[in-house]
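According to mature numbering (1 follows the signal peptide of the UniProt record, and there is no 0), the sequence shown holds residues -18 to -1, 1 to 278 in order.
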Amino acid sequence: MKKLLFSVLFITSMYAFSQETVDSLALKEARYAFVLDSINKSFTYQTGTIELGEGLATLHVPNGFKFLDSQQSQRVLTDLWGNPPSESMGLLFPEDMTPMHDNFTFCVEIDYAEEGYIDDEDAEDLDYDDLLEEMQEDTNATNTERKELGYPTVQLVGWASAPYYDQENKKLHWAKELKFDDADVNTLNYNIRVLGRKGYLNLNAIGDISMLENFNSDRDKIIKSVEFTPGNRYSDFNPDIDQVAAYGIGGLIAGKILAKAGFFAVILKFWKFIAIGAVALFSSFRKKIFGNKKEA
């Protein structure tokens, strides 16, 4: 009889504990959903024609996208995604995407580098396979210092999309596939450069390698959406008064400008992708506890 009573009490107590745990998890999910919803609703997006850099360039927000201005983008990049403070002209999101979306795909950061006029004469002679090998060697060479500074090591796996230079429109794009430490999913680093009179606009797609197909379907309209204003275009270059960059197309792709700025600058460029991974990890953890709402 005592054994039976003990069994009943044990089962009852376990049920009570389980019910308390379920209630606690439900409360946490409700709080999680409320916080994320509050964050996502706190942003004001724009569409149409946007002026960038006080008249430096123009963004025609593509159909199916929305734009987050510089100030709000700083909040996303620094406060939400954990990046060091940096200047950004804004973020371009797919219209159904938000900074803290459970199933985040990608967004595009837009910024400007005034590094001088980039002579593109070397574009036709570049061997992209050789360039890739050089970049892989440079990347591997930084890993010892990365590790010492507490940052994950990174491997340049290869081109996710080989470099392409549009000579007529002075627009360059390429994509690298990166692997950080033992990450399960590789990172996609998709770069678009729009060359101008005194530097270039940088459109940087942020996400993991699984978003490549999605991005490629939108890539052309994203590339076409940005242009320098008259007086700031590549064709407006004046050799008598304008500075010429110390590198060409090959150096721009290989990231030589980052090497000149110092090793820490290279770390900062990769840090954004690490932050995305953290957001994805948090989302994954949530799903393991609460399950996928679509399956309910």
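Beta carbons are placed, not taken as given, at the ideal position from N, Cα and C, and that holds for glycine. This structure is a prediction, so every number in the text was calculated from the model and none was measured.
- Using beta-carbon positions only, say whether Tyr147 and Ala105 come within less than 9 Å of one another. On the sequence shown, residue 147 is found 165 positions in, with the first residue counted as 1. On the sequence shown, residue 105 is found 123 positions in, with the first residue counted as 1. Going by C-beta atoms, Tyr147 is nearer than 9 Å to Ala105.
- Message: Short of 7 Å in beta carbon distance, which residues of its chain neighbour Phe47, apart from the five on each side in sequence? Order them along the chain.
- Response: Counting from one through the sequence shown, the residue named residue 47 turns up at place 65. The answer, listed in chain order, is Leu74, Phe75, Pro76 and Glu77.
- Within 10 angstroms of the Cβ of Gly181, are there 16 or more other Cβ atoms? Answer buried if so, exposed if not. Taking the first residue of the sequence shown as 1, we reach residue 181 at position 199. Looking at its Cβ environment, which holds 16 or more other Cβ atoms inside 10 Å, Gly181 is buried.
- Cβ shell of Ser143 (< 8 Å), same chain only, five flanking positions each side left out: Working through the sequence shown from its first residue, we reach residue 143 at position 161. Once the five neighbours on either side are set aside, the close Cβ partners of Ser143 are His155, Trp156, Ala157, Tyr172, Leu194 and Asn198.
- Among residues of its own chain, excluding the 5 on either side of Gly178, which ones have a beta-carbon nearer than 7 Å to its beta-carbon? If you number the sequence shown from 1, residue 178 lands on position 196. Excluding positions up to five away in sequence, the list reads Phe210, Asn214, Arg215 and Tyr216.
- Figure out for me which residue from Asp222, Arg57, Ser20 and Asn184 has the closest Cα to the Cα of Lys152. On the sequence shown, position 170 is the one that residue 152 refers to. Nearest option by C-alpha distance: Asn184.
- Task: For Val58, name the three-state secondary structure that DSSP assigns.
- Result: Counting from 1 along the sequence shown, the entry for residue 58 is found at position 76. Helix.
- Task: Reducing DSSP to helix, strand and coil, say where Gly140 ends up.
- Result: One-based indexing of the sequence shown puts residue 140 at position 158. Three-state DSSP puts Gly140 in a strand.
- Message: Whole angstroms are fine: how far does the CA of Asp111 sit from the CA of Glu150?
- Response: As a position in the sequence shown, residue 150 is number 168, starting the count at 1. As a position in the sequence shown, residue 111 is number 129, starting the count at 1. A direct Cα-Cα distance of roughly 24 Å separates Glu150 from Asp111.
- Item | Between the CA atoms of Pro81 and Thr124 - distance to the nearest angstrom | As a first step, residue 124 is located in the sequence shown; it is residue number 142 there, counting from the start. As a first step, residue 81 is located in the sequence shown; it is residue number 99 there, counting from the start. Thr124 and Pro81: Cα-Cα distance of roughly 30 Å.
- Query: Counting only runs that start and end within the segment 150 to 189, where is the beta strand (DSSP E) found for 3 or more residues in a row?
  - Reply: Secondary structure in the segment 150 to 189: the beta strand (DSSP E) runs of 3 residues or longer, each lying completely within the stretch, are 153 to 162 and 169 to 177 in chain order.
- When you compare only the Cα positions, how much space is there between His42 and Phe88? Start at 1 with the first residue of the sequence shown, and residue 42 comes out as number 60. Start at 1 with the first residue of the sequence shown, and residue 88 comes out as number 106. Roughly 19 Å between the two C-alpha positions.
- Query: Glu77 by DSSP, collapsed to three states: which one?
  - Reply: As a working mapping, residue 77 is identified with position 95 in the sequence shown. Here Glu77 sits in coil by DSSP.
- Just mark Phe16 as buried or exposed, buried being the case when its beta carbon has 16 or more other beta carbons within 10 Å. For this step, residue 16 is matched to residue 34 along the sequence shown. Under this definition Phe16 is an exposed residue.
- Query: Straight-line CA distance for Asp19 to Leu108?
  - Reply: In the sequence shown, residue 19 corresponds to position 37, counting from 1. In the sequence shown, residue 108 corresponds to position 126, counting from 1. Answer to the nearest angstrom: the Cα atoms are 48 Å apart.
- Contacting residues, own chain, Cβ-Cβ under 8 Å from Gly230 (five flanking each side not counted): As a first step, residue 230 must be located in the sequence shown, where it is residue number 248. So the qualifying residues of the chain are Ile100, Asp101, Asp102, Glu103, Asp104 and Ala105.
- Can you tell me which of the three DSSP states Phe16 falls into? As a first step, residue 16 is located in the sequence shown; it is residue number 34 there, counting from the start. DSSP, reduced to helix, strand and coil, places Phe16 within a helical segment of the structure shown.
- Query: How many Å lie between Gly232 and Ala12 at the Cα?
  - Reply: Here residue 232 is taken as the residue at index 250 of the sequence shown, counted from 1. Here residue 12 is taken as the residue at index 30 of the sequence shown, counted from 1. The alpha-carbon atoms of Gly232 and Ala12 are separated by roughly 51 Å.
- Item | Contacts around Glu69, its chain only, beta-carbon distance under 7 Å, and the 5 residues preceding and following it disregarded | Here residue 69 corresponds to residue number 87 of the sequence shown, with the count starting at 1. Here the set comprises Asp93.
- Message: Let me confirm a value: Gln53 is counted as buried when at least 16 other C-beta atoms fall within 10 Å, else exposed. Which label applies?
- Response: The residue given as residue 53 occupies position 71 in the sequence shown. It counts as exposed.
- Could you tell me which residues DSSP pairs with Ile32 in its beta bridges? What you label residue 32 is simply residue 50 of the sequence shown in a count that begins at 1. Answer is Leu41.
- Query: Based on the DSSP secondary-structure assignment, which residues constitute the bridge partners of Lys48?
  - Reply: On the sequence shown, residue 48 is found 66 positions in, with the first residue counted as 1. Lys48 is bridged by DSSP to Phe75.
- Query: Quick one, are the C-beta atoms of Met71 and Leu34 less than 9 Å apart?
  - Reply: Mapped onto the sequence shown, residue 71 falls at position 89. Mapped onto the sequence shown, residue 34 falls at position 52. In this structure, Leu34 lies closer than 9 Å to Met71 by Cβ.
- Kindly indicate which three-state DSSP category Ile92 falls into: helix, strand or coil? As a first step, residue 92 must be located in the sequence shown, where it is residue number 110. Strand at Ile92.
- What is the residue span of the beta strand (DSSP E) that Phe210 lies within? Stepping through the sequence shown from its first residue, residue 210 is reached at position 228. In this chain, the beta strand (DSSP E) harbouring Phe210 covers Val208 to Phe210.
- So, helix, strand or coil for Asp102, using DSSP? Locating residue 102 in the sequence shown gives position 120, where the first residue counts as 1. In the structure shown, Asp102 adopts coil according to DSSP, grouped into three states.
- Top-ranked residue by Cα proximity to Phe162, from Lys129, Pro66 and Ile204: In the sequence shown, the residue the question calls residue 162 occupies position 180. It is Lys129.
- Message: Taking only three categories from DSSP, how would you classify Asp200?
- Response: Taking the sequence shown and counting its residues from 1, one reaches residue 200 at position 218. In this structure, DSSP gives Asp200 a helical state, which the three-state scheme calls helix.
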